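A.B. asks:
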Amino acid sequence: MSILIATFPTTRTLAKKVAKKLKAQYSEVITKDFPDGESYVKFSKNPKNQTVVIFNSFARDQNNRLIETILAAGIAKDYKAKKIILVAPYFPYLRQDTHFENYDSFSIKHTAPLLKIFDRVYTIDPHLQRIKNIKQIDKDFQKLTATGLIVEYIKKNFKEPFTIVGPDKESKQWAQTVAYPLGKKAIILKKKRHTWRKVDIQEKNLGKNVIIVDDIIGTGHTVEETAEIAIAHGAKKVTCIGVHGVLVENAAKRIKKYASLLTTNTIPNKYARIDVSPVIFEALKNFR
Ligand code: R5P
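Plus 412 on top of the position in the sequence shown (first one is 1) and you've got the numbering used here.
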């Protein structure tokens, strides 16, 4: 049995790297829109008898990404793939992981089952909060993590002394996991979110050389505000490291007023310096 990597454009560079490491066949999924907006999807290689690994990242235009991914899995099934695996380096709808208000959507509960067609779904550092284990979402989902790669990056590129800061309690699982192998305890701040675009972060002296670690950098207000506080309290250098650079609404521009910015390449962006292909390779190598 061999592996056929079939990637959507969002993950082309990453999928190519993983295919090379696996010595697997690499192909691109062809996508078009019908004039009325429906998606058209076509494989460029025959999936028959292959372990088909579909790559797609769900950072932008998530609803279309979901539908095209399901259509691609359908092609693999109809043309008799042996196994169908999804690598979704960034997985959407996880922040709405309960009913926060009366009658609002518990989104992950009702979007994850749309991917039932896959034998396995791998994702990197999913935003798990109220749901603690990804297997509670679906037994065929598996979590990978980029925190080890972030630690290596920090070891290579930063000189002591520095502090590791998590901007809110939800970031603790990433900030603390990164801090621990560096022999540190992360400083975890308190955050109050008023709206999607307005947050208040606890004021505190965070040290002179500050590394802020979070999973998602979306509008960037969380890390921007944290960086501003660090500087107001005397920091000379601030770096924001996000696993997922969603980066909407000029996030990067606002963050860069106070800090340098870097992310992994789960979502392609100009600040992606940490390559997650090694963790994806490790997950897939036994399917060869
Ligand atoms: C929330 O719990 C996450 O860990 C991030 O802090 C949040 O998603 C960041 O959002 P934004 O960049 O829009 O402030």
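For glycine and all other residues, C-beta sits at the position ideal for the given N, C-alpha and C. All values reported here derive from a predicted model rather than from experimental measurement.
1. Mark Q429 as exposed unless 16 or more other C-beta atoms lie within 10 angstroms of its C-beta, in which case mark it buried.
2. CA-CA distance, A484 and F530?
3. Since I466 and Y438 are thought to touch, with beta carbons under 8 Å apart, how far apart are those beta carbons, to the nearest angstrom?
4. Quick one: grab the DSSP three-state call for Q387.
5. For the pair the stretch 636-649 and the stretch 442-457, tell me if three or more CB-CB distances fall below 8 Å.
6. When we look at the beta-carbon of N545 and count the other beta-carbons within 10 Å, is it buried (16 or more) or exposed?
7. According to DSSP, what are the bridge partners of Y491?
8. Any chance the CB of S374 is under 7 Å from a heavy atom of the ligand R5P?
9. Whole angstroms are fine: how far does the CA of T419 sit from the CA of I536?
10. What does DSSP give as the partner residues of V430 in its beta bridges?
11. Just verifying my parser: in three-state terms, what is the DSSP assignment at G486?
12. Beta-carbon separation of Y670 and E640 under 8 Å?
13. Evaluate R609 with the Cβ neighbour count: other Cβ atoms within 10 Å of its Cβ, from every protein chain shown; 16 or more gives buried, anything less gives exposed.
14. Looking at G578: is its Cβ nearer than 8 Å to the Cβ of A598?
15. Considering only residues of the same chain and omitting the five flanking positions on each side of E661, which have a CB-CB separation below 7 Å?
16. Check L360 in the structure and name its three-state DSSP category.
17. With C-beta atoms as the reference, is I628 less than 8 Å away from V658?
18. Assuming Y502 contacts A471 under a Cβ cut-off of 8 Å, what Cβ separation, rounded to an integer in Å, is found between them?
19. Taking the alpha carbon of V655 as the reference point, which residue from A644, S517, N468 and L561 has its own alpha carbon closest?
20. Within the continuous alpha helix (DSSP H) that includes S456, where are the two ends?
21. Which residues mark the beginning and the end of the beta strand (DSSP E) in which H606 is found?
C.D. replies: By the coordinates alone:
1. The sequence shown places Lys at residue 429, not Gln. Looking at its Cβ environment, which holds 16 or more other Cβ atoms inside 10 Å, K429 is buried.
2. A484 and F530 have their C-alpha atoms some 10 Å from each other.
3. That belief does not hold up - the Cβ atoms of I466 and Y438 are roughly 12 Å apart, past 8 Å.
4. Residue 387 lies beyond the residue range present for the chain, which begins at 413 and ends at 700; the question has no answer from this structure.
5. Not touching, per the Cβ criterion.
6. With fewer than 16 other Cβ atoms within 10 Å, it is exposed.
7. Answer is none; Y491 lacks a bridge partner.
8. Lying outside 413 to 700, the shown extent of the chain, residue 374 is not represented and no answer is given.
9. For the pair I536 and T419, the Cα-to-Cα distance works out to about 17 Å.
10. None; V430 has no bridge partner.
11. Judged by DSSP in its simplified three-state form, G486 adopts helix.
12. It is a contact, given that the beta carbons lie within the stated cut-off.
13. With fewer than 16 Cβ atoms within 10 Å of its Cβ, R609 is classed as exposed.
14. Inclusion of G578 and A598 in the CB contact set at 8 Å is warranted, their separation being smaller than that value.
15. Closer than 7 Å at the Cβ level, and outside the excluded window around E661, lie T631.
16. With the chain represented from 413 up to 700, any question about residue 360 goes unanswered, as that position is not in the structure.
17. In contact: I628 and V658 (Cβ atoms closer than 8 Å).
18. 5 Å between Cβ atoms; contact.
19. When only C-alpha atoms are compared, the closest one is L561.
20. In this chain, S456 is not harboured by any alpha helix (DSSP H), its DSSP state being neither H nor E.
21. Going by DSSP, H606 is part of the beta strand (DSSP E) stretching over K603 to T607.
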